[in-house]
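Enquirer:
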């Protein structure tokens with residue numbers, strides 16, 4: 073129960089940070105995708121099912137507040153959470169290299185999927201412009217922010233594990 077409360081607060085804080093603070097700190101209209109970081113991190117740390125649940129909730133928040141069609145972002149984030157949950161078996165808590173690579177790949181997959189389904193099908197064929205001005209800068213900014221956010225998510229996950237086991241010490 074406490075893990076679910078912590079998870080809900082992490083998702084809520086991530087959504088608020090993504091839509092307020094990082095919108096104010098954007099570079100050329102590009103801001104990091106905090107919800108991708110959260111989805112990938114929890115999928116990677118807790119497994120495929122947990123990644124799908126977190127991804128669905130994050131995507132649903134995006135759909136409710138910013139989407140044109142309810143369920144589009146929820147489905148995209150759900151698949152990203154499931155894909156990253158596959159890597160749960162090689163999860164090492166202290167190694168940040170694999171989460172950075174997974175977040176990079178997931179942000180690319182998210183951006184490319186959104187381009188194909190939201191722009192390309194509307195006959196906007198300027199893929200090079202979209203890559204150069206949207207996808208690549210967002211990936212770089214998201215990976216940079218991951219270096220600071222991922223350790224916080226990892227600390228919260230460890231604390232929730234300790235609470236579940238009954239340990240009273242805080243990491």
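In our numbering, the protein residues as written are 73 to 243.
The beta-carbon is built from N, C-alpha and C at its ideal position, and this holds for glycine as well.
In this text, all values refer to a predicted model and were calculated from it rather than measured experimentally.
Out of 80, 104, 98 and 163, state which residue places its alpha-carbon closest to the alpha-carbon of residue 182.
Expert: Reading the chain shown from its first residue, position 110 is the one you call residue 182. It is 104.
Enquirer: Quick check: residue 185 and residue 148, are their CB atoms within less than 7 angstroms of each other?
Expert: Here residue 185 refers to the residue found at position 113 of the chain shown. Here residue 148 refers to the residue found at position 76 of the chain shown. Against a cut-off of 7 angstroms, the Cβ pair of residue 148 and residue 185 comes out as a contact.
Enquirer: Does DSSP put residue 168 in a helix, a strand or coil?
Expert: As a first step, residue 168 is located in the chain shown; it is residue number 96 there, counting from the start. Reduced to three states, the DSSP call for residue 168 is coil.
Enquirer: Taking the alpha helix (DSSP H) that residue 74 belongs to, which residues open and close that run?
Expert: Taking the first residue of the chain shown as position 1, residue 74 is located at position 2. That run of the alpha helix (DSSP H) goes 74-88.
Enquirer: Between the Cα of residue 160 and the Cα atoms of 79, 122, 110 and 75, which residue gives the shortest distance?
Expert: Counting from one through the chain shown, the residue named residue 160 turns up at place 88. With distances taken between Cα atoms, residue 160 lies closest to 122.
Enquirer: Looking only at its own chain, which residues have a Cβ that is under 6 angstroms from the Cβ of residue 157, when we skip the five neighbours before and after it?
Expert: Residue numbering aside, residue 157 sits at position 85 when the chain shown is read from its first letter. Once the five neighbours on either side are set aside, the close Cβ partners of residue 157 are 115, 119, 120 and 123.
Enquirer: Just how far apart, CA to CA, sit residue 231 and residue 94?
Expert: Counting from 1 along the chain shown, the entry for residue 231 is found at position 159. Counting from 1 along the chain shown, the entry for residue 94 is found at position 22. Looking at the two C-alpha atoms, the distance is approximately 26 angstroms.
Enquirer: Assess contact between the region 106-113 and the region 81-90, defined as three or more Cβ pairs (one per stretch) separated by less than 8 angstroms. Is contact present?
Expert: In short, these stretches touch, since the Cβ pair count reaches three.
Enquirer: What would DSSP say about residue 144, mapped onto helix, strand or coil?
Expert: Residue 144 sits at position 72 when you count from the first residue of the chain shown. In the structure shown, residue 144 sits in a helix (DSSP, three-state: H, G or I).
Enquirer: Considering only residues of the same chain and omitting the five flanking positions on each side of residue 146, which have a CB-CB separation below 6 angstroms?
Expert: On the chain shown, position 74 is the one that residue 146 refers to. Closer than 6 angstroms at the Cβ level, and outside the excluded window around residue 146, lie 128, 131, 132 and 135.
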